[in-house]
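In the numbering used here, the protein residues as written are 120 to 255.
Next comes the structure, spelled out in structure tokens:
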């Protein structure tokens with residue numbers, strides 16, 4: 120009986136952590152490399168299927184903006200397809216847009232703008248989000 124009580128006592132924190140932790144990940148995309156874009160979309164698809172309640176956000180700045188541009192993105196249909204999923208967000212940096220002369224009208228429907236992509240990522244990390252740098 121004592122062993123059972125000890126075992127339950129040891130396992131209880133694991134069960135509590137599993138129930139209280141949210142699955143939240145921010146992806147950092149700064150590359151226009153098609154392999155990086157495809158990898159991000161593959162991760163988003165896989166996580167969304169395995170954990171539908173997961174909160175996922177792709178933040179694009181520097182050369183990573185191409186993923187979010189109409190008629191330039193190789194994953195445009197996939198990005199647009201997630202527009203109705205409230206747990207998946209695609210956000211582009213307004214500073215990078217300005218530096219690259221990109222207008223809001225060029226963005227795929229559903230893509231949001233943030234004032235500063237790096238600040239967005241840091242804010243998410245402060246809120247307990249996991250961080251993944253998209254690279255291959």
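By construction, the Cβ of each residue, glycine as well, lies at the ideal position given by its N, Cα and C atoms.
Remember, predicted model here, so these are calculated numbers, not experimental data.
Answer with buried or exposed for residue i, where buried requires no fewer than 16 other C-beta atoms within 10 angstroms of its C-beta.
i, result
"residue 153", "exposed"
"residue 243", "buried"
"residue 239", "buried"
"residue 247", "exposed"
"residue 227", "buried"
"residue 169", "exposed"
"residue 249", "exposed"
"residue 222", "exposed"
"residue 147", "buried"
"residue 155", "buried"
"residue 224", "exposed"
Can you give me the start and stop residues for the alpha helix (DSSP H) that residue i sits inside?
i, result
"residue 159", "153-169"
What residues are listed by DSSP as bridge partners for residue i?
i, result
"residue 251", "146"
"residue 239", "Beta-bridge pairing links residue 239 to no other residue."
"residue 233", "212"
Segment contact, 8 Å Cβ cut-off, at least three pairs: the region 181-194 with the region 146-160 | Yes, the region 181-194 touches the region 146-160.
Enumerated in chain order, which unbroken segments of the alpha helix (DSSP H) with a length of 4 residues or greater are wholly contained in the region 172-223?
-> Taking 4 residues as the minimum length, the alpha helix (DSSP H) runs contained wholly in the region 172-223 are 195-200, 213-218, in order along the chain.
Count the CB pairs spanning the region 160-180 and the region 198-215 that are closer than 8 Å, and state whether there are at least three.
-> Note that the region 160-180 touches the region 198-215; at least 3 beta-carbon pairs, one per stretch, sit closer than 8 Å.
Hey, is the region 155-172 in contact with the region 187-200, meaning 3+ C-beta pairs nearer than 8 Å?
-> Contact holds: three or more Cβ-Cβ distances are below 8 Å.
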